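Residues in the sequence shown are numbered consecutively from 6, following the numbering used here.
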Amino acid sequence: MDAAVYVRISQDRTGMQAGVHRQQEDCLSLADRLGFADPQVFIDNDVSAFDGGRRPGYDTLVAHIRAGVSRIIVWHVDRLYRQPRELEDLIDLVEQHPVRIEAVRGGGFDLNTTEGRLMARQLVAIAAYESGHKSDRVKRANQRLAEQGRWHGPARYGYGRGGVLIPEQAAVIRQMADRFLTGESIRSITAWLNRSHIPPLRAGTGTSGLWHPFTVRSVLASARISGQRAYAPGTRADPAGGREILGPGDWEPVITPEETEQIRAILADPAHRRIAPARPSLLGGIARCSKCGAGLTITGHTSASGVTPTLRYTCQKDPSRPERGGLSISATPLDEHVAQRVLNRLAHPRTSASEQSTTATLRRIMDINSRIGQLSQDYQARIITGGERRAGLFAAEESLRDAEQQLVAAGGAIALYAAPIGSPDTLASWWDSLDTIDRRAVITTLVKKLTIVPGHPGRSFDRTRVRITYRP
Ligand SMILES: [Zn+2]
Numbered sequence: 006m007d008a009a010v011y012v013r014i015s016q017d018r019t020g021m022q023a024g025v026h027r028q029q030e031d032c033l034s035l036a037d038r039l040g041f042a043d044p045q046v047f048i049d050n051d052v053s054a055f056d057g058g059r060r061p062g063y064d065t066l067v068a069h070i071r072a073g074v075s076r077i078i079v080w081h082v083d084r085l086y087r088q089p090r091e092l093e094d095l096i097d098l099v100e101q102h103p104v105r106i107e108a109v110r111g112g113g114f115d116l117n118t119t120e121g122r123l124m125a126r127q128l129v130a131i132a133a134y135e136s137g138h139k140s141d142r143v144k145r146a147n148q149r150l151a152e153q154g155r156w157h158g159p160a161r162y163g164y165g166r167g168g169v170l171i172p173e174q175a176a177v178i179r180q181m182a183d184r185f186l187t188g189e190s191i192r193s194i195t196a197w198l199n200r201s202h203i204p205p206l207r208a209g210t211g212t213s214g215l216w217h218p219f220t221v222r223s224v225l226a227s228a229r230i231s232g233q234r235a236y237a238p239g240t241r242a243d244p245a246g247g248r249e250i251l252g253p254g255d256w257e258p259v260i261t262p263e264e265t266e267q268i269r270a271i272l273a274d275p276a277h278r279r280i281a282p283a284r285p286s287l288l289g290g291i292a293r294c295s296k297c298g299a300g301l302t303i304t305g306h307t308s309a310s311g312v313t314p315t316l317r318y319t320c321q322k323d324p325s326r327p328e329r330g331g332l333s334i335s336a337t338p339l340d341e342h343v344a345q346r347v348l349n350r351l352a353h354p355r356t357s358a359s360e361q362s363t364t365a366t367l368r369r370i371m372d373i374n375s376r377i378g379q380l381s382q383d384y385q386a387r388i389i390t391g392g393e394r395r396a397g398l399f400a401a402e403e404s405l406r407d408a409e410q411q412l413v414a415a416g417g418a419i420a421l422y423a424a425p426i427g428s429p430d431t432l433a434s435w436w437d438s439l440d441t442i443d444r445r446a447v448i449t450t451l452v453k454k455l456t457i458v459p460g461h462p463g464r465s466f467d468r469t470r471v472r473i474t475y476r477p
């Protein structure tokens, strides 16, 4: 006689995988007591039977029943089916292939007998009733939270529990959006993320540790990254096109709502990209309004006297958000000012208490760069031999690769590979050689927050309006 163990856990939120292991151990020891050595185990994880989700483990189990498995061991019968419809399917199956079900909790019964079927039908009716109630409750609670603009659900890429922004992931999202809006495909962005060793959410918890195009698409299309709440009952995850947007949420945005709108328009119809190729400004969406927190967008202004339009970063008015609008700053001097400060940061990295921090990594790269320079000097001065120089270079370049990888993984700025950190002269020409997307990525890798405070209209550029918080 062949036996199989079936294990299912309905919601794998915070480490509930442990639940699966417990169920599995209990089932295996029951199998052992019943005299079945080494039964096959079928597992479904993170699938709620109630909303009709697919159950690949269950489907395989059914195939094995058809092929002769005659005992199923479960933790509780409600693991096997929760809807009356599913039980009826199982009873149909059992009529052709005799099966006995053993449960760790609640005992076993024989679906081949009238009593066994009656018992199973009663149990499943109760389970369906309870499950339906729970599902209604959860949906109502989520809708209420969505209406209030509060974060609900688990951590998502860019945000921790409760919607707390994670700066290094926000920098990656910023660059994903930049790349997408300037014409890169989802596939190419996915390849870039994996090539840069940027870890996806939940890397190292049994996942492949790689990004998939679907994940990239769903991050980009999500309303949450522009600080907006969305709600879609009946969908299991973010559908690729993004869920319906209800209004502003109470968490920090990474990109602007306008950008989310553009992203969704391109996803819905790739022809959009050809009509309106986005050319990003250096600080659009990165610089924030100090009054309302919104990302500033670049706009052209024609002054009263002149005919040449000047560019300004502006907090856009939004009728649905009365707090928005009324702040702007001249674009070109702001770009130059921020670029100068970032380059200065790269030229003179500070020391840092935390060894893993961005600052400490910059410092390490600078030290390695100067070690490499020193090796050549020592060789020319005949202090070391050619062999010693080669060995020294090899070791230095290896630690350089490690440090650069760490820096890039923190913010996705590929341009920081081989950046002349610690060398003020070369940094300026390095910066000139970068395109705007790379420059933006360098900025978001180093800068945690760039805020513009209100100023006096008509004044020339006032650098005291610019507040920069660097990453530690
Ligand atoms: Zn504002």
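For glycine and all other residues, C-beta sits at the position ideal for the given N, C-alpha and C.
If you're wondering where the values come from, they're calculated on a predicted model, not measured in any experiment.
The alpha helix (DSSP H) that contains residue i, what's its start and end?
i, result
"residue 422", "Where residue 422 is concerned, there is no enclosing alpha helix (DSSP H), given that its DSSP letter is neither H nor E."
"residue 176", "172 to 186"
"residue 388", "No alpha helix (DSSP H) holds residue 388; DSSP gives it neither H nor E."
"residue 268", "262 to 273"
"residue 69", "61 to 71"
"residue 467", "Where residue 467 is concerned, there is no enclosing alpha helix (DSSP H), given that its DSSP letter is neither H nor E."
"residue 221", "218 to 226"
"residue 199", "191 to 200"
"residue 448", "441 to 451"
"residue 431", "429 to 438"
With the cut-off set at 8 angstroms, would you say residue i and residue j are in Cβ contact?
i, j, result
"residue 376", "residue 354", "no"
"residue 60", "residue 49", "yes"
"residue 408", "residue 363", "no"
"residue 8", "residue 44", "yes"
"residue 458", "residue 468", "no"
"residue 185", "residue 106", "no"
"residue 191", "residue 224", "no"
"residue 12", "residue 84", "yes"
"residue 255", "residue 122", "no"
"residue 170", "residue 93", "no"
"residue 77", "residue 36", "no"
Per DSSP, residue i is paired with what?
i, result
"residue 472", "456"
"residue 300", "293"
"residue 164", "161 and 170"
"residue 3", "Given that the chain is displayed from residue 6 to residue 477, the structure contains no residue 3 and the question cannot be resolved."
At which residues does the beta strand (DSSP E) containing residue i begin and terminate?
i, result
"residue 252", "250 to 253"
"residue 78", "74 to 79"
"residue 107", "105 to 108"
"residue 335", "333 to 335"
So is residue i in contact with chain B if we call contact Cβ pairs under 8 angstroms?
i, result
"residue 297", "No chain B appears in this structure, which consists of one protein chain only."
Closer than 7 angstroms to a non-hydrogen atom of ligand 1 - does that hold for the CB of residue i?
i, result
"residue 454", "no"
"residue 32", "no"
"residue 322", "no"
"residue 332", "yes"
"residue 292", "no"
"residue 329", "yes"
"residue 228", "no"
"residue 365", "no"
"residue 299", "yes"
For residue i, name the three-state secondary structure that DSSP assigns.
i, result
"residue 280", "Confidence is the limiting factor: at residue 280 the pLDDT is only 49, short of 50, which leaves the residue's position unreliable, though a coordinate-based value still follows. If DSSP states are grouped into helix, strand and coil, residue 280 belongs with the helices."
"residue 234", "strand"
"residue 46", "strand"
"residue 8", "strand"
"residue 323", "strand"
"residue 241", "Because residue 241 carries a pLDDT of 47, less than 50, the predicted location of this residue cannot be relied on, and no value is offered for it."
"residue 315", "strand"
"residue 55", "The predicted position of residue 55 is uncertain, since its pLDDT is 47 and thus under 50; a value taken from the coordinates is nonetheless stated next. In the structure shown, residue 55 sits in a helix (DSSP, three-state: H, G or I)."
"residue 40", "coil"
"residue 350", "helix"
"residue 288", "coil"
"residue 154", "coil"
"residue 84", "helix"
"residue 305", "strand"
"residue 13", "strand"
"residue 477", "coil"
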